[in-house]
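Let me begin by presenting the structure, written as structure tokens, before commenting on it.
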Amino acid sequence: MRASAGNPSPDLFFEASAAYQRTEALRAALELDLFTAIGEGRGSAAALAAHCSASEKGIRVLCDYLAFVGFLSKESGCYALTPDSAAFLDRRSPAYMGGTLEFLHTDTLRKGYANLAAAVRKGGTVQSPGGLTDPEHPDWVRFAKVMAPMMALPAQLAAQLIDRPLDARLEVLDIAAGHGLYGIEVAKRFPGAQIHGLDWPRVLEVAQENARLAGIAQRYYTIAGSAFEVPLGGEYDVVLIPNFLHHFGVETCTAFLRRVHKALKPGGLALTVEFVPNEDRLSPPFPATFALAMLVATADGDAFTFAELDRMFRNAGFSRNTLHALEPSAQQAILSHK
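The opening residue of the sequence shown carries number 0 in numbering that gives the first Met the number 0; numbering runs sequentially from there.
Shown next, in the form of structure tokens:
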């Protein structure tokens, strides 16, 4: 427990200095497939050690640590999954998120944080000229392959915000489609929707496969190339912009949104998904800390407040913008009307 206000304590310093230990404990547990083994009923250190080809002592130490930080519970010497771990860390769960570490812990991010002081001095990534925004960066293929479990819920919730008749024949552009889930969820909600996914060629291969698995491949089309350069086509009823704007600076985003505005039909709608911090930039927790990831991974990216996003969209020609929570996810949606 930290000292009360007014009584200096080094607790926060020690917690921050040791935070990497929690990350590596989680990575080790996933590498050993420990959560799945516990979910299958192997609760003792001995049973887990035999199953994971590890030492009993090593398993005990790791599991005790995981129980202390909240990933496991322990009773009478046996370990069990917490509800959160059962939902997201047991490989048998449809919501399993362990694979997302392949992107969340990619070298671009890990090395970026290792050089954080240099990024602070520069005001952006020192990994390469554009970091994650370099043309056809291979990390986006990883993103498309592994991040679907994390994006499934906000994609479903975002699709529900589109206020059009369910039998409407919609032309929908999904920019930086990635895994394709945002466009796919729109296609599932609107059987008459035609989805046009835009991304780098290798990324679109993943989106096309996801569209096939979702049963909407016949309504899924692709546009390969840079969202800033390739012809967008149109006119579209809806343009989806999921998790894209935060990679760029205000001027670049505004110029890009002018392209989106031009591609929309009169009365068309842009649906943007972002991590949007409050005006104080200190809350809610995940959006408030997201800007740091953009500092180390991109040249000009940031986490934009709604006031900043509203100004960008208005400067690009949009008439009205509204902010919508996508709870319980940490993301929010911005609906922008042409």
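Backbone N, C-alpha and C define an ideal beta-carbon position, used for all residues, glycine too.
1) Could you tell me which residues DSSP pairs with K337 in its beta bridges?
2) One question on the structure: do A329 and P284 come within less than 9 Å of each other, judged by their Cβ atoms?
3) Tell me which same chain residues have a C-beta within less than 7 Å of the C-beta of S43, skipping the five on either side of it?
4) Can you give me the C-alpha to C-alpha distance between V237 and L231, rounded to a whole angstrom?
5) What does the alpha-carbon distance come out to for the pair F189 and I215?
6) Under the three-state reduction of DSSP, which class applies to P241: helix, strand or coil?
7) Within a Cβ cutoff of 6 Å, which residues of the same chain sit near C252, ignoring the five residues on either side of it in sequence?
8) Look at the alpha carbon of I194 and the alpha carbon of E326, and state the distance between them as a whole number of angstroms.
9) Closest to F255 by CA distance: which of L239, Q331, R41 is it?
10) Give the range of the alpha helix (DSSP H) segment to which D138 is assigned.
11) Counting Cβ pairs closer than 8 Å, one from the stretch 55 to 72 and one from the stretch 94 to 104, do we hit at least three?
12) My guess is that L47 and I37 are in contact by the Cβ rule of under 8 Å, so how many angstroms apart are they, rounded?
13) Write down the C-beta distance between A302 and F289 rounded to the nearest angstrom, noting that I regard them as a contact closer than 8 Å.
14) Kindly confirm or deny that the stretch 177 to 191 and the stretch 161 to 169 touch, where touching means at least three C-beta pairs closer than 8 Å.
15) Since L108 contacts V295 with CB under 8 Å, what's their CB separation in whole angstroms?
16) Taking the straight line between their C-alpha atoms, what separation do you get for E14 and L131?
17) Using the Cα positions of S225 and P93, report the straight-line distance between them to the nearest angstrom.
18) Let me make sure I understand the geometry here. Which of S54, A157, E135 has the alpha-carbon closest to that of L322?
19) Assuming the contact rule is C-beta atoms closer than 8 Å, L263 and L334 should be a hit. Round their C-beta distance to whole Å, please.
20) How far does the alpha helix (DSSP H) with R310 in it reach, from first residue to last?
21) Between the C-alpha atoms of L308 and R280, what's the straight-line distance to the nearest angstrom?
22) Which value, in whole angstroms, describes the spacing of the CA atoms of L291 and L169?
23) At what residues does the beta strand (DSSP E) containing P265 begin and finish?
24) Just list the beta strand (DSSP E) runs in the stretch 66 to 117, keeping only unbroken ones of 3 residues or longer that don't cross its boundaries, in chain order.
25) To which residues does DSSP link G130 through a beta bridge?
26) Between the C-alpha atoms of M0 and A49, what's the straight-line distance to the nearest angstrom?
27) Can you tell me whether S8 is buried or exposed? The criterion is at least 16 other CB atoms within 10 Å of its CB, across all chains shown.
Taking the structure as given:
1) DSSP output for K337 lists no bridge partner at all.
2) yes
3) G76, C77
4) 13 Å
5) 11 Å
6) strand
7) L244, M311
8) 25 Å
9) L239
10) 138 to 145
11) no
12) 7 Å
13) 4 Å
14) yes
15) 7 Å
16) 29 Å
17) 33 Å
18) A157
19) Not confirmed; about 13 Å, so no contact.
20) 305 to 314
21) 14 Å
22) 37 Å
23) 263 to 273
24) 71 to 74, 77 to 80
25) T297
26) Legend: pLDDT at M0 = 43, less than 50; position of this residue unreliable, no value from coordinates given.
27) exposed
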